[in-house]
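All residue numbers for the sequence shown refer to our numbering, where the first residue is 499 and numbers rise by one. For reference, the structure is listed below as structure tokens.
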Amino acid sequence: MSAGYWGAGPPPGAADLFDAAERLELDQVWTAEAYGSDAWTPLAWWGSRTSRVRLGTSVSQLSARPPVTLAMTAMTMDHLTGGRVLLGVGTSNPQVVEGWYGQPYPRPLERTREYIDILRLVIAREKPVAYDGRHYQLPLPAGTGLGKPLRSILHPYRTEIPIYLGAEGPRNVALAAEIADGWNVIFFSPAMNGFYAEALAEGFARPGARHSSETFDVVGGPLSIIPDEDLERAADRLRPTLALYIGGMGARGVNFHHEVFARMGYEAEAAAIQDAYLAGDKKSAIAAVPTRLVEDVALIGPWAKIADEIQRWKQTVLTTFSVSCDLVHLARVADLVRG
């Protein structure tokens, strides 16, 4: 399950989510961050209620922390949880990176590769860390000249913490398959399974790839699972979220979520949603989200329909099924996933 990121304040019931995940023996709980709440504090606070479930960030934004800072955080949490941390990272988008963090957004794939290299060097603690990359240099070459390679004084609980990459485009998905231990998926659709299988295969085939399809974790699932005898009423609950991501989460021409739906075959619909949203007409943007688009990325409608359609999701590249539903339905949904 995902606890997501916060809106104006802590989401009600988040503690119950962690309790339910532990009680129902779910495998993973993930937190997130955008430009408000951070991913790590809720993970530690509510995660302290658990003793078994693995705890991850989906995602911890690269530009929010130098790689060494993130490695320190993950190593600390790994000790406190007894080795249950999943380290999910992602680049976010230029609007957030430049507007919120005041950082440049150059060559995101290349920067991600360097960032993950440094994470692994720090966590392994085999030797003092020195790195000469295009985007990251340790020690800083243009400083006082007093910097020197350092090795963490904290010994790692695990010398390798699983690293997951949040990715949407085919090049980034292939990069995840090459250099990460898992992929955090957003807006997955079984209709796009072949597209993503091909991108993953490209990454697995690269020299030095860490995993094959048999050992790589793909974490994803429906945007939401909403049982309701009224299909349109269920779709209405998701239209505002989809309109925001398709239309407003990023600038025109640089909205990675928008591109996902365009690749899915909704190019015209996505353009109409974005036009309305960027014009300030959110109501029209929400109304422009077609029900069939919602059904592509979510499971909605009567229980019998959900039980039937969930089989398609289970026959995809997904290896860890991400469940998003009201907690009152969680036990029944978990039974459907476990089959």
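For every residue, glycine included, the Cβ atom is placed at its ideal position computed from N, Cα and C.
So is residue i buried or exposed if we call it buried at 16+ other beta carbons inside 10 Å?
i: Ser711; result: exposed
i: Ala678; result: buried
i: Thr642; result: exposed
i: Ala777; result: exposed
i: Val821; result: buried
i: Arg669; result: exposed
i: Asp824; result: exposed
i: Gln526; result: buried
i: Ser500; result: buried
i: Gly554; result: buried
i: Pro540; result: buried
Does residue i come out as helix, strand or coil in the three-state DSSP assignment?
i: Asn670; result: helix
i: Pro688; result: helix
i: Pro592; result: helix
i: Arg618; result: helix
i: Leu541; result: helix
i: Thr571; result: helix
i: Thr789; result: helix
i: Ile771; result: helix
i: Asp728; result: coil
i: Ser500; result: strand
i: Pro809; result: First, the amino acid is wrong: residue 809 is Gln here, not Pro. Helix, per DSSP.
i: Ala640; result: coil
i: Ala796; result: coil
i: Ile723; result: strand
i: Ala749; result: strand
Leaving out the 5 sequence neighbours to the left and right, which residues in its chain are closer than 6 Å to residue i when beta-carbon positions are compared?
i: Ala569; result: Leu617, Val620 and Ile621
i: Arg609; result: His633
i: Ser782; result: Ala774
Between the options, which has its C-alpha nearest residue i's C-alpha?
i: Glu793; options: Leu816, Ala768, Ala777 and Leu729; result: Leu729
i: Ala675; options: Ala699, Glu658 and Pro654; result: Ala699
i: Arg790; options: Pro508, Tyr662, Gly545 and Ala733; result: Ala733
i: Thr579; options: Ile614, Tyr603 and Arg656; result: Arg656
i: Arg735; options: Gly799, Asn753, Gly706 and Asp715; result: Gly799
i: Gln593; options: Thr555, Arg704, Leu584 and Val752; result: Val752
i: Ala703; options: Leu721, Val671, Val717 and Ala689; result: Val671
i: Arg623; options: Gly631, Tyr629 and Leu652; result: Leu652
i: Tyr603; options: Tyr613, Val758 and Asn591; result: Asn591
Which residues in the same chain have their Cβ closer than 8 Å to the Cβ of residue i, if we skip the five residues on either side of it in sequence?
i: Arg611; result: Leu673 and Ile677
i: Tyr503; result: Thr529, Ala530, Glu531, Ala532, Gly534, Ser535 and Ala537
Ordered along the chain, which non-local residues of its own chain (more than five positions away) have a Cβ less than 7 Å from that of residue i?
i: Leu648; result: Pro626 and Val627
i: Tyr764; result: Leu791
i: Ile659; result: Ala572, Asp576, Val583, Leu585 and Ile621
Just checking, does the stretch 549-561 make contact with the stretch 593-611 on the three C-beta pairs under 8 Å criterion?
yes
Contact between the stretch 517-526 and the stretch 683-690: three or more CB pairs below 8 Å?
no
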